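Chains V and L are the protein sequences, given in the same order.
Numbering of the first sequence is given in our numbering, commencing with residue 8 and proceeding in unit increments.
Numbering of the second sequence is given in our numbering, commencing with residue 35 and proceeding in unit increments.
Cβ atoms here follow ideal geometry from the backbone N, Cα and C, with glycine treated the same way.
Since this is a predicted model, take the numbers as computed values, not measurements.
Before any comments, here is the structure.
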Amino acid sequence: MLNKPNRLIWIGFFCFFISLQAIAQSTGQLKLSTGVQKFANRDLGFSPLTYEGYRSISQATFSLDRPHKTECYQLGFAYGLLQNRIGNSMNVMSVGFMNQTFYHKNNPAEKRLQWGWSNQNVFNIRRHNGFSNYSLRYDYLSSIGPTARYMMPFQWKRQEFEWTTMTQVQVLGFQLKSGYIGADPEGFSKDNSPLDNFFQGMEPFLLGRDWHLGFSSSLDWDLPSDNSLGIRYQLDMSSLRGRQNVLGLGQSLLLVLTVKLW
Amino acid sequence: MVKQIRLFLLLTFLFCACEQWVLPEDPGTEPAAVFDQLWEDVYARYSFFDHKNLDWQQVRTRYRQEVKEDMGQLELYDLLAEMLFELEDGHVNLSTGFNRSRNWEWYQNFPVNYDENLIEEVYLRRDYWISGPLWHQVLDDVLYVNYRSFGQRISPANLRVVLERAKRGRGVIIDVRNNGGGNLSNASLLASAFAAEETIYARERKKSGPATNDFGPWQDMKISPWEEDTFLGPVVVLTNRRSYSATTFFAQMMKSLPNAITLGDQTGGGGGTPVFGELSNGWTYRFSATQTIDLDERQLEDGVLTDVRVDLSPVAVSRGEDNLISAALRIIRQQ
Numbered sequence: 008m009l010n011k012p013n014r015l016i017w018i019g020f021f022c023f024f025i026s027l028q029a030i031a032q033s034t035g036q037l038k039l040s041t042g043v044q045k046f047a048n049r050d051l052g053f054s055p056l057t058y059e060g061y062r063s064i065s066q067a068t069f070s071l072d073r074p075h076k077t078e079c080y081q082l083g084f085a086y087g088l089l090q091n092r093i094g095n096s097m098n099v100m101s102v103g104f105m106n107q108t109f110y111h112k113n114n115p116a117e118k119r120l121q122w123g124w125s126n127q128n129v130f131n132i133r134r135h136n137g138f139s140n141y142s143l144r145y146d147y148l149s150s151i152g153p154t155a156r157y158m159m160p161f162q163w164k165r166q167e168f169e170w171t172t173m174t175q176v177q178v179l180g181f182q183l184k185s186g187y188i189g190a191d192p193e194g195f196s197k198d199n200s201p202l203d204n205f206f207q208g209m210e211p212f213l214l215g216r217d218w219h220l221g222f223s224s225s226l227d228w229d230l231p232s233d234n235s236l237g238i239r240y241q242l243d244m245s246s247l248r249g250r251q252n253v254l255g256l257g258q259s260l261l262l263v264l265t266v267k268l269w
Numbered sequence: 035m036v037k038q039i040r041l042f043l044l045l046t047f048l049f050c051a052c053e054q055w056v057l058p059e060d061p062g063t064e065p066a067a068v069f070d071q072l073w074e075d076v077y078a079r080y081s082f083f084d085h086k087n088l089d090w091q092q093v094r095t096r097y098r099q100e101v102k103e104d105m106g107q108l109e110l111y112d113l114l115a116e117m118l119f120e121l122e123d124g125h126v127n128l129s130t131g132f133n134r135s136r137n138w139e140w141y142q143n144f145p146v147n148y149d150e151n152l153i154e155e156v157y158l159r160r161d162y163w164i165s166g167p168l169w170h171q172v173l174d175d176v177l178y179v180n181y182r183s184f185g186q187r188i189s190p191a192n193l194r195v196v197l198e199r200a201k202r203g204r205g206v207i208i209d210v211r212n213n214g215g216g217n218l219s220n221a222s223l224l225a226s227a228f229a230a231e232e233t234i235y236a237r238e239r240k241k242s243g244p245a246t247n248d249f250g251p252w253q254d255m256k257i258s259p260w261e262e263d264t265f266l267g268p269v270v271v272l273t274n275r276r277s278y279s280a281t282t283f284f285a286q287m288m289k290s291l292p293n294a295i296t297l298g299d300q301t302g303g304g305g306g307t308p309v310f311g312e313l314s315n316g317w318t319y320r321f322s323a324t325q326t327i328d329l330d331e332r333q334l335e336d337g338v339l340t341d342v343r344v345d346l347s348p349v350a351v352s353r354g355e356d357n358l359i360s361a362a363l364r365i366i367r368q369q
């Protein structure tokens with residue numbers, strides 16, 4: 008019989024061995040992207056008017072390609088100043104984490120539609136610059152839904168390219184949104200524990216009542232170093248219904264550097 | 035390649051078609067549309083319809099028929115300002131580039147009870163101390179502090195000086211007459227310097243839906259002792275009808291402390307925190323969206339009653355005396 012420390016060492020060794028096996032059969036990539044986003048937002052808790060403007064946007068995506076599936080983990084950040092047509096402004100910041108899993112046969116870069124699922128987590132915070140009270144509002148969404156992509160590698164003038172089109176629709180999840188008047192969601196109280204506040208303020212996210220969908224298309228040029236350089240167009244739409252609806256539409260153009268890790 | 039292009043075009047078309055659906059156009063700027071935006075938002079978020087027994091639907095019936103398609107900006111402003119006047123609330127304004135509507139009846143129909151020149155000449159005199167927004171002078175053995183706007187920030191250093199001087203005397207008079215309010219955090223900080231323990235002074239609730247009685251739960255409003263220092267001797271707070279908004283809250287905070295009393299006329303009110311909004315023609319507005327009650331469930335919107343009711347006497351003023359300050363000095367010296 009093994010004692011406890013030895014058992015832990017064997018379990019650790021076993022996990023390490025399994026990880027090595029998995030790494031040996033996979034490829035890992037890191038995509039770093041940065042660009043501009045034309046963003047429009049309407050938060051009825053602030054105003055019936057749409058606020059529009061350009062934001063800086065950056066994303067880092069780790070992609071793990073395995074023989075039968077590809078997993079992508081994306082961290083995103085965007086920040087900028089939006090204005091409405093009468094000149095009032097607000098600062099809007101978004102932080103997001105999304106993971107997508109695509110299922111496929113053999114080579115992930117095969118020319119065929121690949122299906123999978125995605126989990127989207129987005130936090131948006133808005134500060135209105137013209138209002139003295141209740142000038143801060145936010146929303147948070149965590150949801151899952153189907154995703155699909157089509158990858159098409161091709162050659163042009165002896166150079167290797169890949170065109171990838173991807174889309175995802177969120178179906179089910181939960182959201183936390185600022186309340187009818189203030190920044191805190193309805194039901195939040197200073198006297199409650201954070202967990203109580205979470206359950207008090209949480210609302211379901213249901214496709215049909217709420218919408219959150221994304222679409223992107225990117226063209227990557229393979230560099231001789233096994234890395235690639237690309238350009239991506241990305242479109243994100245969001246409509247969170249509730250006591251004060253929050254609508255958002257972002258169109259981004261990003262430069263993408265893909266680094267092959269192994 | 036063709037399949038890829040088809041898929042791309044199809045998705046692009048679908049998403050572009052969704053754009054208009056996700057973000058419909060902004061509301062129109064014609065007078066009727068502007069009127070409806072303002073009326074609807076006030077109806078959905080204003081917090082005192084039931085308390086003031088005001089039928090906003092009936093107000094709409096009266097004013098909506100006055101809206102004409104060809105009316106000018108000034109006419110529309112006058113109409114909307116008149117409609118908002120019905121709310122009888124000092125926290126209600128319509129701001130345009132050319133004017134700002136208001137209802138100041140909360141103090142205009144009442145005695146002033148304050149003479150600024152008298153205060154400066156007789157009580158502050160020439161050698162008073164200025165610690166940020168706090169002007170103070172020792173009147174024999176009592177510190178007199180004059181604070182004219184809670185919009186002016188009190189720094190910890192300002193407060194420290196006041197407390198050090200207060201501790202050398204028998205008590206403090208805080209004069210917030212004609213202080214129209216400002217930032218509630220300044221009120222809380224000043225009151226915390228006289229609190230011995232955490233004290234609930236009021237309860238607040240916010241609108242939570244469009245019906246006139248849609249409110250969230252009552253939440254306690256508290257003051258805690260200032261961490262750096264406190265003065266726990268007798269304090270008299272002087273108020274009048276022009277003590278409004280954050281000053282009303284300050285009066286209520288001090289009233290809830292065992293070592294403080296309020297003296298003079300009741301405050302003007304302003305117990306609802308204003309929320310802001312904007313109209314499609316560029317005008318902005320604000321109105322109350324919360325309710326605050328004292329521990330006896332009396333609305334702070336109606337003002338905070340004083341513990342000792344005193345009006346400024348013209349006879350006293352004529353002989354160079356503010357009889358409210360005299361009364362406050364007597365109360366402190368009796369303790």
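- Neighbours of Leu254 (chain V) in chain L, taken as residues whose beta carbon is under 9 Å from its own, are Val56, Leu57, Pro58 in chain order.
- Lys184 (chain V) is bridged by DSSP to V:Asp146.
- One thing to note: Thr174 (chain V) has its Cβ no nearer than 8 Å to the Cβ of Phe104 (chain V).
- Residues of chain V whose Cβ lies closer than 7 Å to the Cβ of Arg79 (chain L) are, in chain order, Ile188.
- Close partners of Pro192 (chain V) in chain L (Cβ separation under 9 Å) are lacking, with about 10 Å as the shortest Cβ gap.
- Nearest CB-CB separation between Gly243 (chain L) and chain V: below the 8 Å threshold.
- Interface annotation for the stretch 36-66 of chain V against chain L: Ala47, Arg49, Ser54, Pro55, Leu56, Thr57, criterion Cβ-Cβ distance under 7 Å.
- Within the stretch 211-245 of chain V, the runs of beta strand (DSSP E) at least 3 residues long that lie entirely inside it are, in chain order, 218-229.
- Taking C-alpha positions only, Val338 (chain L) is separated from Thr324 (chain L) by approximately 17 Å.
- The alpha carbon of Ser135 (chain L) has as its nearest neighbour, out of L:Ser189, L:Asp123, L:Arg343, L:Ile359, the alpha carbon of L:Asp123.
- Boundaries cannot be given for Lys164 (chain V), as no alpha helix (DSSP H) includes it and DSSP labels it neither H nor E.
- Look at the stretch 296-327 of chain L: the residues with a C-beta under 9 Å from a C-beta of chain V are Thr307, Pro308, Val309, Phe310, Gly311, Glu312, Leu313, Ser314, Asn315, Gly316, Trp317, Thr318, Arg320, Ala323, Thr324.
- The C-beta distance from Tyr181 (chain L) to Leu173 (chain L) rounds to 16 Å, too long to meet the 8 Å contact threshold.
- It is roughly 11 Å from the alpha-carbon of Glu100 (chain L) to the alpha-carbon of Glu116 (chain L).
- Non-local C-beta neighbours of Gln177 (chain V) in its own chain, meaning closer than 6 Å and more than five positions away in sequence, comprise Gln127, Ser150, Gly152, His219, ordered along the chain.
- The distance from the Cβ of Ser277 (chain L) to that of Val210 (chain L) is about 5 Å, consistent with a contact at the 8 Å cut-off.
- In the structure shown, the three-state DSSP call for Asn217 (chain L) is coil.
- Bounds of any alpha helix (DSSP H) do not take in Asn126 (chain V); it lies within the beta strand (DSSP E) bounded by 120-135.
- The residue among L:Ile207, L:Gly311, L:Thr301 with its C-alpha nearest the C-alpha of Pro268 (chain L) is L:Ile207.
- Three or more beta-carbon pairs drawn from the stretch 63-79 of chain L and the stretch 91-106 of chain L are found closer than 8 Å, and the two stretches are therefore classed as touching.
- Between the C-alpha atoms of Glu139 (chain L) and Leu113 (chain L) there is a straight-line separation of about 19 Å.
- Gly250 (chain L) has a beta carbon lying within less than 8 Å of a beta carbon in chain V.
- For a Cβ distance threshold of 7 Å, residue set Pro55 of chain V lies close to Pro61 (chain L), ordered along the chain.
- For Gln333 (chain L), no chain V residue has a C-beta closer than 7 Å to its own C-beta; the minimum C-beta separation is roughly 18 Å.
- Contacts between Gln71 (chain L) and chain V, judged by CB atoms closer than 7 Å, involve Pro55 in chain order.
- Ile238 (chain V) has a beta carbon lying at 8 Å or more from every beta carbon in chain L.
- For Tyr141 (chain L), the enclosing alpha helix (DSSP H) covers residues 139-142.
- Within chain V, the C-beta atoms nearer than 9 Å to that of Gln253 (chain L) come from Ser196, Lys197, Asp198, in chain order.
- Thr130 (chain L) and Gln107 (chain V) have their C-alpha atoms roughly 49 Å apart.
- For Phe104 (chain V), the enclosing beta strand (DSSP E) begins and ends at 96-110.
- Between Leu128 (chain L) and Ala229 (chain L), the gap from beta carbon to beta carbon reaches 8 Å or more.
- Contact between the stretch 134-150 of chain V and the stretch 180-187 of chain V is present, with at least three C-beta pairs closer than 8 Å.
- At a cut-off of 8 Å between beta-carbon atoms, Lys240 (chain L) makes contact with chain V.
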